[in-house]
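Using the numbering used here, you'd call the opening residue of the sequence shown number 8 and step up by one each time.
Beta carbons are placed, not taken as given, at the ideal position from N, Cα and C, and that holds for glycine.
Right, one structure below, let's go through it.
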Amino acid sequence: MSNEGWVAGESGFAIMVAQGERIDLTPLDTEMEIIPAVDIKGGKCVRLYQGDYTKETVFFDDPLAVALKWESLGARRIHLVDLDGAAAGEVRNLAVIEAIARELRVPVQLGGGIRDSATVSKLLDIGVKRVILGTAAVERPELIKKLCGEFGEAIIVGIDARDGMVATRGWLKGTQTKALELGKRMVELGVKRIIYTDIKRDGTLTEPNYDEIAEMARGVQAKIIAAGGISALEHLTKLKKLGVEGAIVGKALYTGNIDLEKALKLSQKSNGKTQNDR
Ligand code: AMZ
């Protein structure tokens, strides 16, 4: 019989017993969405190390198959990145993105190379539920304002930061803009949700940058989704306490450091609700 599973802790909180070890995963008393990432480069599902295009691992040839796999394991939303698009400044993997948006029952969100209104309309038309704009937030703030007016919460701003400073264009360009300042500015323009990615943690399987995430969650009046470095269930518990709405998990799902079903269960066990209840 497996010795893995959930037991009630003394405090009434869930304790997970995994491989004979008891890990106290104290409460996820509010909701947090766990969003698997499928990053696409050259039509394949890859992970980069710190966003470096030369440090790539191909995990699957078929991003659609992977997205379907995460869905079948219970994911309620999938995060897609068109890495070629982010570097090129225009969406480059449209065929596979379209297939994923069509075949999945759960909503997908997409970032990478979305820099104008026509692209946003087209992506929403083909079934992408939310689009993420990073570079445009820095370079074309007026576009963000217009898009928020037109498409509301289908618009997400992606703030990708290295040492607290925003990077754009596939993270190849550093800027003098502070992540926190950009976040505040975006809220003024009507942005309701921000994905904050810590570049130096991304793809490293270390841990999230809790300080920066907490600063964003406290200082910016928007829903925050955290990304970068999430590689253990405890990280999700800790992030939860910072009040973020969601967590994007990438490499750790592909290496097996995080088991998606366990992670999803963690978010369910805390409050008796499933992610379906949202
Ligand atoms: O890994 C990278 N080098 C990378 C990456 N993951 N570069 C950009 N992006 C993602 C951002 C965001 O979701 O996290 O692309 C989106 C931003 O693209 P753009 O083209 O709007 O700056």
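| Query | Result |
| --- | --- |
| Looking at V88 and ligand 1, is the gap between the Cβ and the nearest heavy atom below 7 Å? | yes |
| Tell me where the alpha helix (DSSP H) around A174 begins and ends. | Premise fails: A174 lies in the beta strand (DSSP E), 172-175, not in any alpha helix (DSSP H). |
| Taking only heavy atoms of ligand 1 into account, decide whether any of them is closer than 7 Å to the Cβ of L131. | no |
| My assumption, with CB atoms under 8 Å, is that D218 sits in contact with G235. Please give the rounded CB distance. | So it is not a contact: roughly 13 Å between Cβ atoms. |
| Quick one: give me the first and last residue of the beta strand (DSSP E) that G253 is part of. | 253-256 |
| Measuring CB atoms only, is the region 79-87 touching the region 56-65, in the sense that at least three cross pairs come out at less than 8 Å? | no |
| Check this for me: beta carbons of I163 and I202, under 8 Å apart or not? | yes |
| In whole angstroms, what separates the C-alpha of L75 from that of I237? | 22 Å |
| Nearest-angstrom Cα distance between D68 and G156? | 38 Å |
| For the alpha helix (DSSP H) that contains T126, what are its first and last residues? | 124-132 |
| How long is the line joining the alpha carbons of A221 and V88, rounded to whole angstroms? | 24 Å |
| Can you have a look at A102 and say buried or exposed, based on whether 16 or more other CB atoms are within 10 angstroms of its CB? | exposed |
| Please confirm whether any heavy atom of ligand 1 lies closer than 7 Å to the CB of W77. | no |
| Are the beta-carbon atoms of I151 and L117 separated by less than 8 Å? | no |
| Would you identify the three-state DSSP class for R200, choosing helix, strand or coil? | strand |
| So D266 is in the beta strand (DSSP E); what residue range does that whole segment cover? | Element bounds for D266: n/a, residue is neither H nor E. |
| By the three-class DSSP mapping on this structure, what secondary structure does S274 have? | helix |
| Sort D59, V45, A44, I41 by Cα distance to K180 and report the nearest one. | D59 |
| Comparing alpha-carbon positions, which option in Q228, M223, L240 lies nearest L249? | M223 |
| Going by beta-carbon coordinates alone, are Q7 and I166 separated by less than 8 Å? | Residue 7 cannot be examined here, being either before or after the span of the chain that is shown, 8 to 285. |
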